[in-house]
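Residue numbering for the sequence shown follows the numbering used here, starting at 24 and increasing by one per position. C-beta: ideal position from N, C-alpha, C; glycine also. Reading through the structure tokens given below for one structure.
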Amino acid sequence: MNLISVKVSRFDPVYDKEPRNQEYSVEVNEGARVLNVLQAIHTIDPTLEFRSSCRAGQCGSCAVRVNGEPALACMEEAVEGMIVEPLALPVIKDLVVELVPGINLIPRIHPCDCSVIPDPKYVEKIKPLRDCIECLSCVSVCPAMQVTDFIGPTSMRAQMRIALDPRETESRIRDAISQGLFTCTSCQRCLVVCPKEIEIPGKAIEKLREIANREGLTLPRHQEVEALIHRTGRSVESAGETFLEQIPEVIEPFGQVMGEVGFFVGCMFNGRLPERAFDMIEVMKRTGIRIVIPKDQVCCGSPLIRTGQTTFLNELKEKNINAFTSRGINTVMTMCAGCGSTLKHDYETPFTVKDVTEILT
Ligand code: SF4
Ligand code: SF4
Ligand code: FES
Numbered sequence: 024m025n026l027i028s029v030k031v032s033r034f035d036p037v038y039d040k041e042p043r044n045q046e047y048s049v050e051v052n053e054g055a056r057v058l059n060v061l062q063a064i065h066t067i068d069p070t071l072e073f074r075s076s077c078r079a080g081q082c083g084s085c086a087v088r089v090n091g092e093p094a095l096a097c098m099e100e101a102v103e104g105m106i107v108e109p110l111a112l113p114v115i116k117d118l119v120v121e122l123v124p125g126i127n128l129i130p131r132i133h134p135c136d137c138s139v140i141p142d143p144k145y146v147e148k149i150k151p152l153r154d155c156i157e158c159l160s161c162v163s164v165c166p167a168m169q170v171t172d173f174i175g176p177t178s179m180r181a182q183m184r185i186a187l188d189p190r191e192t193e194s195r196i197r198d199a200i201s202q203g204l205f206t207c208t209s210c211q212r213c214l215v216v217c218p219k220e221i222e223i224p225g226k227a228i229e230k231l232r233e234i235a236n237r238e239g240l241t242l243p244r245h246q247e248v249e250a251l252i253h254r255t256g257r258s259v260e261s262a263g264e265t266f267l268e269q270i271p272e273v274i275e276p277f278g279q280v281m282g283e284v285g286f287f288v289g290c291m292f293n294g295r296l297p298e299r300a301f302d303m304i305e306v307m308k309r310t311g312i313r314i315v316i317p318k319d320q321v322c323c324g325s326p327l328i329r330t331g332q333t334t335f336l337n338e339l340k341e342k343n344i345n346a347f348t349s350r351g352i353n354t355v356m357t358m359c360a361g362c363g364s365t366l367k368h369d370y371e372t373p374f375t376v377k378d379v380t381e382i383l384t
């Protein structure tokens with residue numbers, strides 16, 4: 024047995040104005056989970072309230088924050104000095120939060136009066152979206168919900184799951200738009216905290232936006248960006264000479280050449296912030312790495328993917344991949360976090376993609 028000291032948030036709305044952290048020291052087995060610690064505390068302080076049921080990561084009832092991050096108490100390993108708090112949702116008492124209003128928002132299917140058995144191809148597409156255990160961890164962190172009436176990530180997950188189900192009787196895309204489909208910022212926080220690793224931004228929100236696009240419901244501002252990329256290959260207009268217009272295609276480092284990378288510039292650094300890209304080149308010259316900067320690279324396509332406008336996305340991907348493979352590049356460096364994430368997660372590249380910070384460290 025190990026002695027572990029932790030802090031647990033206590034709050035009783037009848038007596039307390041605000042939550043306070045209470046310290047406890049209890050004995051638990053090696054490898055104990057957060058839930059084991061809470062249960063041990065409960066034996067010495069039965070006033071502490073928390074939820075649990077399955078104790079196997081399957082019911083979602085035990086979700087709390089451990090050191091600030093949502094986690095299932097029954098799955099998360101307890102660590103010395105940890106702070107256990109409720110999810111950032113209205114608190115009923117101690118670690119127990121109000122779940123019912125959030126769960127009631129999750130859309131349900133309107134099944135047809137028929138006996139359709141979903142085709143296996145639909146079942147395969149639905150699978151990644153149906154593992155939700157309604158813990159509401161994603162809802163507790165979604166920034167769009169804090170500033171708009173956005174219905175939230177798991178409700179959008181359910182809308183897409185229903186959209187893929189042939190037993191559903193009506194198109195729900197207008198509902199999804201009125202529930203805030205276009206207010207999600209693609210920040211990925213819901214994916215990071217989801218205990219079931221459900222890819223809500225990519226597998227639900229972007230796919231719903233593709234359906235909206237097919238039905239002519241894309242926002243006018245998003246359509247303007249798509250038209251600009253289609254016309255120029257770039258998502259932003261440049262006020263002056265772009266980085267690619269000014270820079271030679273190959274930059275040799277000072278001293279001996281120790282390696283070579285390709286540089287994917289991205290629309291923002293190419294058109295709006297070229298001086299930042301020049302600064303980065305100056306730093307890279309001191310690393311012994313040759314930089315190859317193909318002039319025929321274009322927008323990575325992120326603005327199209329995030330807004331569901333994917334009709335000519337594959338052309339952009341092909342151009343970018345060819346720009347580097349035709350020059351024999353094995354590693355492509357980015358300095359824009361958005362472009363880097365897109366090349367890493369939305370492309371299948373025959374080369375490795377690294378942020379400049381990964382190359383410098
Ligand atoms: S990706 Fe969208 S739905 Fe997910 S947390 Fe961010 S804003 Fe919310
Ligand atoms: S999508 Fe993930 S984080 Fe959100 S309620 Fe479902 S299981 Fe929990
Ligand atoms: S008790 Fe069911 S998920 Fe933790």
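Beta carbon of residue i nearer than 8 Å to that of residue j
| i | j | result |
| --- | --- | --- |
| methionine 358 | phenylalanine 292 | yes |
| valine 248 | serine 261 | no |
| isoleucine 185 | proline 141 | no |
| proline 218 | glycine 80 | yes |
| alanine 96 | arginine 43 | no |
| isoleucine 314 | valine 280 | no |
| aspartate 188 | isoleucine 234 | no |
| valine 31 | alanine 101 | no |
| alanine 118 | valine 87 | Looking at the sequence itself, residue 118 is leucine, so the reference to alanine does not match. Result yes, Cβ atoms of leucine 118 and valine 87 sit closer than 8 Å. |
| phenylalanine 286 | arginine 309 | no |
| valine 216 | serine 160 | yes |
| arginine 300 | aspartate 319 | In the sequence as presented, arginine is not what sits at residue 300; that position holds alanine. Taking 8 Å as the Cβ cut-off, alanine 300 and aspartate 319 do not qualify as a contacting pair. |
| aspartate 378 | glycine 361 | no |
| proline 176 | lysine 226 | no |
| isoleucine 221 | aspartate 154 | yes |
| alanine 183 | lysine 230 | The amino acid occupying residue 183 in the given sequence is methionine; alanine does not appear at that position. A contact, by the Cβ cut-off of 8 Å. |
| glycine 289 | threonine 265 | no |
Residue range of the unbroken alpha helix (DSSP H) whose run includes residue i
| i | result |
| --- | --- |
| valine 306 | 297-307 |
| arginine 153 | Run containing arginine 153: none; DSSP gives neither H nor E here. |
| isoleucine 328 | 325-330 |
| lysine 340 | 336-348 |
| valine 284 | Careful: valine 284 lies outside any alpha helix (DSSP H), inside the beta strand (DSSP E) at 282-287. |
| arginine 131 | Where arginine 131 is concerned, there is no enclosing alpha helix (DSSP H), given that its DSSP letter is neither H nor E. |
| threonine 380 | 379-383 |
| glutamate 275 | Glutamate 275 -> no alpha helix (DSSP H), and no H or E assigned at all. |
| alanine 262 | Element bounds for alanine 262: n/a, residue is neither H nor E. |
| glutamine 406 | In the structure as shown, the chain starts at 24 and stops at 384, and residue 406 therefore has no counterpart that could be examined. |
| glutamine 246 | 243-255 |
Cross-strand partners of residue i (DSSP beta bridge)
| i | result |
| --- | --- |
| tyrosine 370 | Tyrosine 370 pairs with nothing; no bridge assigned. |
| tyrosine 47 | Val29 |
| isoleucine 140 | None; isoleucine 140 has no bridge partner. |
| arginine 56 | Glu100 |
| lysine 116 | Val119 |
Whole-angstrom C-beta distance between residue j and residue i, which should lie under 8 Å
| i | j | result |
| --- | --- | --- |
| threonine 192 | proline 166 | Between proline 166 and threonine 192 the Cβ distance is about 34 Å, and since that is not below 8 Å, they are no contact. |
| valine 321 | leucine 339 | 5 Å |
| proline 93 | valine 164 | 6 Å |
| isoleucine 228 | leucine 204 | 7 Å |
| proline 326 | isoleucine 252 | 7 Å |
| cysteine 323 | asparagine 343 | 7 Å |
| serine 201 | glutamate 103 | Not quite, the Cβ-Cβ distance comes to about 48 Å (not below 8 Å), so this is no contact. |
| isoleucine 174 | leucine 128 | 6 Å |
| histidine 245 | threonine 365 | Wrong, their Cβ atoms sit about 16 Å apart, outside the cutoff. |
Residue span of the beta strand (DSSP E) that contains residue i, given as start and end
| i | result |
| --- | --- |
| arginine 33 | 25-33 |
| valine 355 | 354-357 |
| isoleucine 314 | 312-315 |
Proximity test, Cβ basis, 8 Å: residue i and chain D
| i | result |
| --- | --- |
| serine 163 | No chain D is present in this structure, which holds just one protein chain. |
Could you give the uninterrupted runs of the beta strand (DSSP E) lying entirely in the stretch 67-114, keeping only those of 3 residues or more?
86-89, 92-95, 106-108
With a floor of 4 residues, list each alpha helix (DSSP H) that falls wholly inside the stretch 165-241, ordered by position along the chain.
166-170, 176-186, 196-201, 212-216, 229-237
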